[in-house]
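If you read the protein sequences in the order shown, they are chains A and B.
Mapping the first sequence onto my numbering, position 66 (from 1) lands on 141, and the numbers just tick up by one.
Mapping the second sequence onto my numbering, position 252 (from 1) lands on 327, and the numbers just tick up by one.
Since the structure comes first, as structure tokens, the remarks are kept for the end.
Number of protein chains: 2
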Amino acid sequence: MRAMTDAPAGGRHLLTIGQLAGYAGVTIKAVRTYHDRGLLPEPPRDASGYRRYGAEHATQLVKIRTLVQAGVPLARIRELLAAGPERFGAAIDEIDRNLRERAAEIRRVRERIAQLHGGDRLFVSEQVAGYLTRLREIGVSERTVRFERDLWILLQAVAPEQAAAWAADKVAAIADPEFRALYLDYDAAFDWSPDDPRLPELAARTRRWYAGRDDSVEAELPADPAISRLAALTAEASSPAWARIHSLAASITPHSPAT
Amino acid sequence: MRAMTDAPAGGRHLLTIGQLAGYAGVTIKAVRTYHDRGLLPEPPRDASGYRRYGAEHATQLVKIRTLVQAGVPLARIRELLAAGPERFGAAIDEIDRNLRERAAEIRRVRERIAQLHGGDRLFVSEQVAGYLTRLREIGVSERTVRFERDLWILLQAVAPEQAAAWAADKVAAIADPEFRALYLDYDAAFDWSPDDPRLPELAARTRRWYAGRDDSVEAELPADPAISRLAALTAEASSPAWARIHSLAASITPHSPAT
DNA sequence: GCTTGACCTTGCCCCTGGGGCAAGGTTCGA
DNA sequence: TCGAACCTTGCCCCAGGGGCAAGGTCAAGC
């Protein structure tokens with residue numbers, strides 16, 4: 076066996092680095108990198124300093140390339156090649172599991188990518204996305220829907236559980252025709268002047284609607300003042316008319332339709 | 076609209092970088108990298124120099140993360156976000172195609188990985204792998220089979236088309252019971268002494284077998300002298316007994332059974 | 001008021017898996 | 001004998017961050 080594994084005898088090492096790389100489907104640079112990282116032993120050199128490879132390097136290199144294509148890091152490959160066949164086999168099983176996982180991940184990513192085409196599902200919870208869709212269905216302008224969406228994103232980022240409770244409340248409210256009418260009027264009022272004579276009446280209707288609600292529903296909502304202020308401030312910063320309504324109906328702060 | 080897109084007004088930018096990163100499922104470092112690469116605009120700073128983000132950053136960041144997970148390079152993502160929705164849509168289609176391709180690639184890699192468990196298919200052509208399997212079936216020792224395999228790897232690396240022609244010839248020869256018997260005797264002779272009295276008779280049988288061949292088959296084989304020498308030298312370096320046979324039957328150089 | 005821990009800031013060097021280029025030496029075929 | 005195609009080493013570059021240093025800041029609890 077000595078002659079087969081060690082012998083530097085003539086004839087056993089005759090592939091140049093380019094031929095070896097070509098056979099294994101790898102670049103010359105990659106071969107040299109594998110030498111540097113200790114994955115592939117340095118072969119003997121010929122008289123002029125060229126590396127001369129034998130079949131043992133070729134089999135090793137094909138193994139390495141296969142593992143590299145499977146996404147195994149070079150450091151791990153070095154360990155695997157050094158380990159015995161039983162550990163090697165176990166590692167291969169693990170790598171294959173890993174590969175299956177990656178394929179599944181790609182499927183998941185493809186679904187998300189498809190949602191980039193449009194739709195809000197990418198940015199907010201399913202519940203909120205359904206609510207936004209419902210708003211569009213009843214005729215709310217795209218501008219206001221986007222405004223709502225951005226507000227929900229903030230809410231979800233700051234306080235996910237509170238956002239969920241509020242969203243449930245909103246979904247329930249939107250089932251009421253009176254609330255829907257109110258919401259559409261708010262939508263229309265977005266760019267009215269703050270002096271518009273219709274605003275006081277809208278504020279009064281808003282107050283009446285909240286007054287008529289079941290108090291128990293109200294009590295269950297977490298009433299974090301920072302969150303309420305956030306909603307109110309955001310609305311006021313966007314529309315002077317909404318700010319006016321807010322000041323006219325000061326008592327209803329946290330639950331005006333557009334927030 | 077101005078108030079919705081530019082306003083630094085209080086209340087609109089209140090996420091810290093950590094909250095933003097947490098919402099989008101991204102590290103703080105990644106957010107800063109996206110600022111540096113121009114994927115995400117720098118938000119206003121608060122009094123103490125902290126970045127303060129609004130919902131528009133959150134939506135943008137979720138988009139970015141989704142594209143990053145899909146393997147889109149950051150430079151490309153920047154272009155996409157700057158482009159109009161029609162180009163964005165077209166790019167999404169292309170990215171999805173890319174993703175499908177990657178999934179297919181993973182399937183292919185899994186097949187190759189499975190072959191790492193054993194088998195020669197990873198290292199030599201299907202034809203040669205079949206030939207090696209046939210050798211094992213007729214009882215050739217594993218040592219000699221590996222020796223053949225290594226030689227074929229060298230041949231395929233140096234001259235793939237010649238290797239294919241030679242392999243076809245070998246597959247045909249192995250169908251002949253006389254050749255099979257000869258091959259097994261060579262296998263047994265591997266570690267005989269070069270002075271063994273049985274060697275001259277083996278050399279004579281070899282010469283007879285080649286003499287009885289159809290000459291037209293012989294003529295079709297490419298007779299590259301370098302390749303023949305490679306085969307002969309490799310064999311001689313491995314087994315003194317084989318070297319002895321070779322010198323006894325000098326005329327049959329390129330086609331002795333073990334090469 | 002003070003400490004403590006969790007945040008934030010910038011800047012710098014590190015990693016993988018090579019690619020590309022420079023500046024030379026070698027080998028092979030016409 | 002010359003050019004093309006090889007080979008050699010060495011160096012810097014890329015993405016997409018990670019990790020650490022050396023600070024400034026904020027909120028809670030005592």
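Think of the CB as a built atom: it goes at the ideal place given N, C-alpha and C, for glycine as much as any other residue.
Remember, it's a predicted structure, so these values are computed and weren't measured experimentally.
What does the Cβ neighbour count give for residue i, buried or exposed, with the cut at 16 atoms within 10 Å?
i	result
residue 112 (chain A)	exposed
residue 208 (chain B)	exposed
residue 24 (chain A)	No answer is possible for residue 24 (chain A): it lies beyond the span of chain A, which begins at 76 and ends at 334.
residue 224 (chain B)	buried
residue 306 (chain B)	buried
residue 344 (chain A)	No answer is possible for residue 344 (chain A): the residues shown for chain A start at 76 and end at 334.
residue 93 (chain A)	exposed
residue 123 (chain B)	exposed
residue 217 (chain B)	exposed
residue 253 (chain A)	exposed
Name the chain B residues that come within less than 7 Å of residue i, Cβ to Cβ?
i	result
residue 192 (chain A)	164 and 167
residue 271 (chain A)	Those do not exist, as residue 271 (chain A) stays about 17 Å from chain B at its closest Cβ, beyond 7 Å.
residue 181 (chain A)	174, 177 and 178
Under 7 Å Cβ to Cβ from residue i, same chain only, skipping five residues before and after it: list those, please.
i	result
residue 280 (chain B)	257
residue 211 (chain A)	220
residue 110 (chain B)	117
residue 311 (chain B)	317, 318 and 321
For residue i, which residues from the same chain have a beta carbon less than 6 Å from its beta carbon, with the 5 sequence-adjacent residues on both sides left out?
i	result
residue 238 (chain B)	230 and 231
residue 314 (chain A)	265
With a threshold of 8 Å on Cβ separation, who are the neighbours of residue i within its own chain once the five nearest residues in sequence on each side are excluded?
i	result
residue 162 (chain A)	155
residue 320 (chain B)	261, 264, 274, 277, 278, 281 and 331
residue 255 (chain A)	213 and 249
residue 91 (chain A)	125, 126, 127 and 128
residue 202 (chain A)	239, 242, 243 and 246
Roughly how many angstroms separate the alpha carbons of residue i and residue j, rounded to a whole number?
i	j	result
residue 168 (chain B)	residue 190 (chain A)	12 Å
residue 289 (chain B)	residue 274 (chain B)	25 Å
residue 107 (chain B)	residue 219 (chain A)	31 Å
residue 323 (chain B)	residue 269 (chain B)	11 Å
residue 130 (chain B)	residue 226 (chain A)	7 Å
residue 198 (chain A)	residue 173 (chain B)	24 Å
residue 205 (chain A)	residue 243 (chain A)	11 Å
residue 309 (chain B)	residue 89 (chain A)	11 Å
residue 171 (chain A)	residue 181 (chain B)	10 Å
residue 147 (chain A)	residue 118 (chain B)	39 Å
residue 116 (chain B)	residue 196 (chain B)	53 Å
residue 121 (chain B)	residue 157 (chain B)	27 Å
residue 95 (chain A)	residue 153 (chain A)	19 Å
residue 317 (chain B)	residue 222 (chain B)	13 Å
residue 284 (chain A)	residue 271 (chain A)	21 Å
residue 188 (chain B)	residue 176 (chain B)	18 Å
residue 228 (chain A)	residue 134 (chain B)	8 Å
residue 215 (chain A)	residue 233 (chain A)	26 Å
residue 78 (chain B)	residue 267 (chain A)	Confidence at residue 78 (chain B) is low in this model, with a pLDDT of 29, below 50, so the placement of that residue should be treated as unreliable; the coordinate-derived value is given next. Cα to Cα, residue 78 (chain B) sits roughly 14 Å from residue 267 (chain A).
residue 160 (chain A)	residue 159 (chain B)	55 Å
residue 105 (chain A)	residue 287 (chain B)	48 Å
Quick one: list the residues of chain A neighbouring residue i, beta-carbon separation under 9 Å, in chain order.
i	result
residue 139 (chain B)	Going along chain A, no residue has its Cβ under 9 Å from residue 139 (chain B), so there is no contact; the nearest lies around 11 Å.
residue 188 (chain B)	141, 142, 144, 145, 167, 170, 171 and 174
residue 184 (chain B)	141, 144, 145, 146 and 174
residue 226 (chain B)	130
Taking residue i as the query, report the chain A residues whose CB atoms sit under 8 Å from its CB, ordered along the chain.
i	result
residue 229 (chain B)	89, 90, 129, 130 and 133
residue 198 (chain B)	133, 134 and 137
Determine the closest residue to residue i out of the options, with distance taken between C-alpha atoms.
i	options	result
residue 100 (chain B)	B:110, B:129, B:88 and B:144	B:144
residue 150 (chain A)	A:317, A:187 and A:139	A:139
residue 97 (chain B)	B:137, B:241 and B:317	B:137
residue 184 (chain B)	A:307, A:178 and A:127	A:178
residue 235 (chain B)	B:312, B:200 and B:246	B:200
residue 186 (chain B)	A:141, A:203, A:315 and A:109	A:141
residue 192 (chain A)	B:251, B:312, B:166 and B:104	B:166
residue 164 (chain B)	A:312, A:314, A:313 and A:194	A:194
List, in chain order, every chain A residue whose beta-carbon is nearer than 7 Å to that of residue i.
i	result
residue 232 (chain B)	90, 94, 95, 98 and 133
residue 152 (chain B)	Near residue 152 (chain B) there are no residues of chain A at all, since even the closest Cβ is about 11 Å away, more than 7 Å.
residue 335 (chain B)	Summary: the structure shown does not reach residue 335 (chain B), with chain B confined to residues 76 through 334, and so no result is reported for it.
Give me the chain B residues within the contact set of residue i, using Cβ-Cβ distance strictly less than 9 Å, ordered along the chain.
i	result
residue 211 (chain A)	None at all; the shortest Cβ gap to chain B is about 17 Å.
May I ask you to check if the CB of residue i is nearer than 8 Å to at least one heavy atom of the ligand MG?
i	result
residue 169 (chain A)	This structure simply doesn't include the ligand MG, nor any ligand for that matter.
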